[in-house]
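Heads up: the sequence shown begins at 13 in our numbering, then just goes up one per residue. The C-beta atom is built at its ideal place from N, Cα and C for all residues, glycine as well. Structure first, then comments.
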Amino acid sequence: MSADNEKNYTDIYSKSMEDPEGFWGEVAEDIHWEKKWDTVLDRSNPPFYRWFAGGELNTCYNALDRHVENGRADQLALIYDSPVTSGTVKKYTYRELRDEVATFAGVLAANGVAKGDRVIIYMPMVPEAVVAMLACARLGVIHSVVFGGFASNELAVRIDDAKPKIIVTASCGIEVGRVIPYMPLLNDAIDIAEAKPESVVVLQREQEMTELQDGRDIDWAKAMATAEPHDCVTVAATDPLYILYTSGTTGVPKGVVRDNGGHAVALNWSMKAIYNVEPGDVYWAASDVGWVVGHSYIVYAPLFSGCTTIFYEGKPVGTPDAGAFWRVISEHEVKVMFTAPTAFRAIKKEDPDGLLLKKYDMSKFDILFLAGERTDPDTLHWAEEKIGVPVIDHWWQTETGWSIAANCMGLGPFPVKAGSPTKPAPGWDLQVLDDANQQVKAGEIGALSCKLPLPPGSLPTLWNADDRFVESYLEEYPGYYKTADAGFIDEDGYVFVMARTDDIINVAGHRLSTGGMEEVLANHQNVAECAVIGVDDQLKGQLPVGFLVLKAGVERDAADIVGEVVQMVRDQIGPVAAFKQATIVERLPKTRSGKILRGTMQSIADNKEYRMPATIDDPAILDEIEMALEGLGLAGKRN
Ligand code: COA
Ligand code: AMP
């Protein structure tokens, strides 16, 4: 690393701390504004800070139209690559994507959807999902994309919270080796929900067509054939662009709100500063549009900055083999890729020597970014060695929308330290706090917290829940945003993210609430009490395991009860929860005041040292928990 590079990051970071208004005001010049902002940062109503107050713009215009008008009309905007549909590849230029989006905006408008209304998008990884998102943005309509791996109940909760006028869906999704009909799931969700959508737009996929309901359902293709294209509708910078639900500490998800102005400014800037890509480069985030990575880095950021984004409907392995990522990189000349470490663990497991890599030309490939969970040193070194490019861990959350900490490859990279996402990104005043809200010394673990105000692009609030926003994130450490991650910053300023401080677990890069799973288990007729913990897993990072205490007098076969609760979680939360293991125990370890000692149980499961909690009611229960874990085959990991 040259001293100049280091200075570059240091200068920019310092400027963003000392003069955030000056820094982001300059960065914001790269976005097309219909009306310039009155204030870069409105600090008049803390803790609700608003970026670019008074400014007006359109997000879709910035993602598509301005590139069409400024010489990129014939450049590819999006390449859809779908190994699960016999290798379909479909390419859209900026002009073609703009036209599709304008037409679908016409479909929505013709069906009564207007600025400020909500539309839920429940779709698999088909390009029409992007078209629907951008069409909403074009109209100033607030989209809420729901991941296809969630069950009806989860979808219903989101319908009731967002109250969408229209839901956009597809007839089916495709997982490895199986087609998943979406309409039964959606119909059940609409039945469960109190808020009923006026219409449902359905994209028929040939793998599994569906019957449309008269009077409610609109056929995507037919509607597109007759719709009038709709122009961009100007919105306030502070208007919501989307709501993205994420796991909270209960079964009720949090509706993270993203605004239009700050989002466009921060994401557009991040593409060069963090990912070191230029307009025209091919960029691939292998995630799902249902997650924040999909929103930020499959759809919005690459399009804001005039890149070509890859839209991949497949998996790292099994579609058809562990060379799938290398094929896509070489076939579409990907420069930068972004995915979750779990995907690389899956590849490494199937092709430990990286033999499949040798089949492909990877010469255009520059950098691999990983996020969603900590990049473990084994995976890091394997990927570095096999691919021969920098492998960059970066840390962020649905709430933040982009990196809190990263090795900013466009600002002069730092040497990689295994297990660290490097340094706080410009804009993020990251500090490690103790329980008394005081900064701890370098190297000491504490609560990773970001001093307010947060930079643009981060959540301004939760949908219709300002109080919950304050209570969840801002109350515990006054003046700071609580990330709910614990970790430390070392002597060199490198950040280490170690664990969540709440009940969130990370399963294959997917964020799930164990509290939400407990709510489901507790509803089983034979269950008196339960606990769910996340245990270490070599492939998925963590896997949920349930402990059930049965009601007195229940004599049923344990395997039947376990089978039933596993099915309940699958039906009520979804297959993505990967809840497959549960065991029946006599009692749960608790403090004298009755709090379940989940952390201690987790340490036992992960073979980590733990201190016997001083307040434990009966230490002997821990032996029972250990035996129960052994019964699940988790004992082999322990000494
Ligand atoms: N619709 C319906 N079902 C879905 C789904 C979707 N969109 N996505 C996943 N599922 C199902 C899977 O089929 C699987 O079902 P099963 O229990 O019947 O096998 C279950 O949900 C769990 O899925 P997943 O966690 O993806 O496990 P997997 O075994 O299918 O694949 C990996 C494992 C590691 C290959 C896969 O998780 C992966 O590619 N992860 C990348 C992580 C990622 O994209 N993270 C987003 C943040 S960057
Ligand atoms: P999500 O909101 O789904 O993006 O999940 C956010 C959570 O995932 C964070 O709070 C962390 O716990 C975890 N996470 C994401 N990226 C990283 C990373 N690079 N290192 C460690 N943990 C991460």
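(Q) Just to check my reading of the structure: Thr708 and Gly273 have Cβ atoms closer than 8 Å, yes? What is that Cβ distance to the nearest angstrom? (A) The requested residue 708 is not part of the displayed model; the chain covers only 13 to 651.
Q: Ignoring anything shorter than 4 residues or poking outside the segment 300–338, list the alpha helix (DSSP H) runs there in chain order.
A: 313–316
Q. Can you list, in chain order, the residues of its chain whose CB lies under 6 Å from that of Phe350, leaving out five sequence neighbours each side?
A. As a working note, residue 350 is residue 338 in the sequence shown. These residues qualify, in order along the chain: Ala297, Tyr309, Phe381.
**Q.** Reduced DSSP category for Gly160 - H, G, I as helix; E, B as strand; rest coil
**A.** To locate residue 160, count along the sequence shown from 1; it is residue 148. Gly160: coil per DSSP, three-state reduction.
Q) ligand 2 heavy atoms versus the CB of Val509: any closer than 7 Å? A) Here residue 509 corresponds to residue number 497 of the sequence shown, with the count starting at 1. Yes, Cβ of Val509 sits closer than 7 Å to a heavy atom of ligand 2.
Q. Which same chain residues, not among the five before or five after Tyr485, have their C-beta less than 6 Å away from its C-beta?
A. If you number the sequence shown from 1, residue 485 lands on position 473. Within the same chain, Tyr485 has close Cβ partners Tyr493, Lys494.
Q: Check Lys208 in the structure and name its three-state DSSP category.
A: Within the sequence shown, residue 208 is the residue found at index 196, counting from 1. Here DSSP, grouped into helix, strand and coil, assigns Lys208 to coil.
Q. Which whole-angstrom value describes the C-beta separation of Phe60 and Thr320, a residue pair presumed to lie in contact below a C-beta threshold of 8 Å?
A. The residue you call residue 60 lines up with position 48 of the sequence shown. The residue you call residue 320 lines up with position 308 of the sequence shown. Their Cβ separation, rounded to whole angstroms, is 37 Å, which puts Phe60 and Thr320 out of contact at 8 Å.
**Q.** ligand 2 heavy atom lying under 7 Å from the CB of Tyr497
**A.** Against the sequence shown, residue 497 aligns to sequence position 485. Per the sequence shown, residue 497 should be read as Asp rather than Tyr. For ligand 2, at least one heavy atom lies less than 7 Å from the Cβ of Asp497.
(Q) Between the alpha carbons of Asp23 and Ile171, how many angstroms are there, rounded? (A) By one-based count along the sequence shown, residue 23 stands at place 11. By one-based count along the sequence shown, residue 171 stands at place 159. When only Cα atoms are considered, Asp23 and Ile171 end up about 45 Å apart.
(Q) Taking the beta carbon of Glu325 as the centre, do at least 16 other beta carbons fall within 10 Å, making it buried, or is it exposed? (A) Walking along the sequence shown from the start, residue 325 turns up at place 313. Burial call: buried.
Q. Does DSSP classify Lys649 as helix, strand or coil?
A. As a first step, residue 649 is located in the sequence shown; it is residue number 637 there, counting from the start. Bear in mind that a pLDDT of 49 at Lys649, under 50, signals an unreliable position, so the number given afterwards is only what the model happens to contain. DSSP places Lys649 in helix when its eight states are reduced to three.
**Q.** Ile133 (DSSP reduced to helix, strand or coil)
**A.** As a working note, residue 133 is residue 121 in the sequence shown. If DSSP states are grouped into helix, strand and coil, Ile133 belongs with the strands.
Q. Per DSSP, Lys47 forms a beta bridge with which residues?
A. What you label residue 47 is simply residue 35 of the sequence shown in a count that begins at 1. Lys47 is bridged to Glu68.
Q: Identify every run of the alpha helix (DSSP H) within the segment 207–291, keeping only runs that are complete inside it and at least 4 residues long; order them along the chain.
A: Segments of the alpha helix (DSSP H) lying fully in the segment 207–291: 232–238, 273–285.
Q) Who are Asn518's beta bridge partners in DSSP? A) Here residue 518 corresponds to residue number 506 of the sequence shown, with the count starting at 1. Answer is Arg523.
Q) Under the rule that 16 or more other beta-carbon atoms within 10 Å means buried, what is Gly118, buried or exposed? A) Reading the sequence shown from its first residue, position 106 is the one you call residue 118. It counts as buried.
Q: Would you list the residues sitting across from His155 in a DSSP beta bridge?
A: Here residue 155 refers to the residue found at position 143 when the sequence shown is read from its first residue. Answer is Val131, Tyr254, bridged to His155.
**Q.** CA nearest to the CA of His155, picked from Val294, Lys175, Ile132
**A.** Locating residue 155 in the sequence shown gives position 143, counting from the first residue. Minimum Cα distance to His155 is reached at Ile132.
Q.
At 3 residues or longer, what runs of the beta strand (DSSP E) sit wholly inside the segment 556–641?
A. 593–596
Q. So what does DSSP say about Trp36, is it helix, strand or coil?
A. Taking the first residue of the sequence shown as 1, we reach residue 36 at position 24. Looking at Trp36 - three-state DSSP - the assignment turns out to be helix.
(Q) ligand 1 and Asp583: does the residue's C-beta get closer than 7 Å to at least one heavy atom of that ligand? (A) Mapped onto the sequence shown, residue 583 falls at position 571. No - ligand 1 has no heavy atom lying nearer than 7 Å to the Cβ of Asp583.
Q.
Comparing C-alpha positions only, which one of Ser615, Thr51, Val304, Ala248 sits nearest to Leu151?
A. On the sequence shown, position 139 is the one that residue 151 refers to. The shortest Cα separation from Leu151 among Ser615, Thr51, Val304, Ala248 belongs to Ala248.
Q: Could you name the residues that DSSP lists as bridge partners for Pro193?
A: If you number the sequence shown from 1, residue 193 lands on position 181. Looking at the DSSP assignment, Pro193 forms a beta bridge with Cys184.
Q | Thr105 vs Asp86 beta-carbon contact at 8 Å | A | Along the sequence shown, read from residue 1 onward, the residue named residue 105 stands at position 93. Along the sequence shown, read from residue 1 onward, the residue named residue 86 stands at position 74. Result yes, Cβ atoms of Thr105 and Asp86 sit closer than 8 Å.
**Q.** Met529 (DSSP reduced to helix, strand or coil)
**A.** Counted from its first residue, the sequence shown places residue 529 at position 517. Reduced to three states, the DSSP call for Met529 is helix.
Q. Around the Cβ of Arg386, are there at least 16 other Cβ atoms within 10 angstroms (buried) or fewer (exposed)?
A. Position 374 of the sequence shown, counting from 1, holds the residue named residue 386. Arg386 comes out buried.
Q) Comparing the CB of Asn518 with every heavy atom of ligand 2, is any distance shorter than 7 Å? A) As a first step, residue 518 must be located in the sequence shown, where it is residue number 506. Yes, ligand 2 has a heavy atom inside 7 Å of this Cβ.
Q) Between Gly318 and Arg84, which are expected to be in contact by the criterion C-beta below 8 Å, what is the C-beta distance as a whole number of angstroms? A) Here residue 318 corresponds to residue number 306 of the sequence shown, with the count starting at 1. Here residue 84 corresponds to residue number 72 of the sequence shown, with the count starting at 1. That belief holds up - the Cβ atoms of Gly318 and Arg84 are roughly 5 Å apart, short of 8 Å.
Q. What residues match up with Ile178 in a beta bridge as DSSP calls it?
A. Counting from 1 along the sequence shown, the entry for residue 178 is found at position 166. Ile178 is bridged to Val131, Ser211.
Q) When burial is assigned at 16 or more other CB atoms within 10 Å of the CB, is Pro436 buried or exposed? A) Residue mapping note: residue 436 aligns to position 424 of the sequence shown, counting from 1. Classification for Pro436: buried.
(Q) Please state the DSSP three-state secondary structure of Trp407. (A) Numbered from 1 along the sequence shown, position 395 holds the residue referred to as residue 407. Strand at Trp407.
Q) Does the Cβ of Trp414 lie closer than 7 Å to at least one heavy atom of ligand 2? A) Position 402 of the sequence shown, counted from the first residue, corresponds to residue 414. The nearest non-hydrogen atom of ligand 2 is 7 Å or more from the C-beta of Trp414.
Q. On the three-state DSSP scale, how would you describe Glu362?
A. Within the sequence shown, the letter at position 350 stands for residue 362. In this structure, Glu362 counts as helix in the three-state DSSP scheme.
Q. What do you reckon, is the C-beta of Thr258 under 7 Å from a heavy atom of ligand 2?
A. Against the sequence shown, residue 258 aligns to sequence position 246. Under cutoff, so the answer is yes.
Q: Compute the Euclidean distance between the alpha carbons of Arg339 and Arg357, then round it to the nearest angstrom.
A: Along the sequence shown, one-based indexing puts residue 339 at 327. Along the sequence shown, one-based indexing puts residue 357 at 345. Cα to Cα, the separation comes out at about 18 Å.
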